[in-house]
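Visitor:
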Amino acid sequence: MDRLWAPWRMKYVEYVSIEKPKGCFLCNAAKTSNLREKLVLYRNELVLAMMNLYPYNTGHLLLAPLRHIGDFEELSDEEVLALGRLTKKCIKVIKEALKPDGFNIGINIGRVAGAGLEDHIHIHIIPRWNGDTNFMPLIASTKVIPEAIYDTYDKLMRVLEKLQE
Ligand SMILES: [Zn+2]
Numbered sequence: 000m001d002r003l004w005a006p007w008r009m010k011y012v013e014y015v016s017i018e019k020p021k022g023c024f025l026c027n028a029a030k031t032s033n034l035r036e037k038l039v040l041y042r043n044e045l046v047l048a049m050m051n052l053y054p055y056n057t058g059h060l061l062l063a064p065l066r067h068i069g070d071f072e073e074l075s076d077e078e079v080l081a082l083g084r085l086t087k088k089c090i091k092v093i094k095e096a097l098k099p100d101g102f103n104i105g106i107n108i109g110r111v112a113g114a115g116l117e118d119h120i121h122i123h124i125i126p127r128w129n130g131d132t133n134f135m136p137l138i139a140s141t142k143v144i145p146e147a148i149y150d151t152y153d154k155l156m157r158v159l160e161k162l163q164e
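Take a look at the structure:
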């Protein structure tokens, strides 16, 4: 992936490190009773979708099984299907809410491949816009990131709720 020039990330990383919860953040998201606070957009009995706290771009989502497992091969067929269906749903929601020009979708397995959290498998969905490497600092100068991430959360949630009606 191209490295986005995003100086605003530093401020956000500091903010997050102050409030960093203990343990696996995906398991925390799987258990939380406050979905919005934990930025969980969708959760059923098998899988969840949440905003990435360290986004590469606006609308960067993480999809994961609720079970704390590290290998793709450990997923049950039901979980594979649920993750596939959730990927489809998230693409649809992001397309409608954020109108991206494209997506990067992938799984980092192992630290060598860039996995920040090795033992709870997750799929990254990263919307991309033409010229987004130039456009990111522009948004950054007008918004504090924690606020921006909840703005995006609300925008995605409105579309998600509409699709489920
Ligand atoms: Zn976990």
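One point on numbering: in numbering that gives the first Met the number 0, the residue at position 127 of the sequence shown is 126, and numbering is uninterrupted. Note that the Cβ used here is the ideal one computed from N, Cα and C, for glycine as well.
Can we say the segment 152–162 touches the segment 124–131, given the rule of at least three CB pairs closer than 8 Å?
Guide: These segments do not touch.
Visitor: Can you tell me the Cα-Cα spacing of L34 and T57, whole angstroms?
Guide: Answer to the nearest angstrom: the Cα atoms are 19 Å apart.
Visitor: Return the bridge partner residues of P64 from the DSSP annotation.
Guide: Bridge partners of P64: V46.
Visitor: Going by DSSP, what residue range makes up the alpha helix (DSSP H) through L113?
Guide: Here residue 113 turns out to be Gly, not Leu, going by the sequence shown. From DSSP, G113 is part of no alpha helix (DSSP H); its letter is neither H nor E.
Visitor: Measuring alpha carbon to alpha carbon, tell me which residue in L45, A29, A112 and K94 is nearest T151.
Guide: When each option's Cα is compared against that of T151, the closest is K94.
Visitor: Check each residue's C-beta against every heavy atom of ligand 1 and list, in chain order, those closer than 6 Å.
Guide: The filter returns C23, L25, C26, H67 and H119, in chain order.
Visitor: Where does G58 sit, in a helix, a strand or coil, going by DSSP?
Guide: Looking at G58 - three-state DSSP - the assignment turns out to be coil, as it is neither helix nor strand.
Visitor: Answer yes if the segment 101–117 comes into contact with the segment 31–47, meaning at least three C-beta pairs across the two stretches below 8 Å, and no otherwise.
Guide: Flag = no, the segment 31–47 and the segment 101–117 do not touch.
Visitor: What do you get for A28, buried or exposed, if any count of 16 or more other CB atoms within 10 angstroms of its CB means buried?
Guide: Buried, because 16 or more other Cβ atoms sit within 10 Å of the Cβ of A28.
Visitor: Could you tell me the alpha carbon to alpha carbon distance between D153 and A96, rounded to whole angstroms?
Guide: Near 10 Å, if we compare the C-alpha coordinates of A96 and D153.
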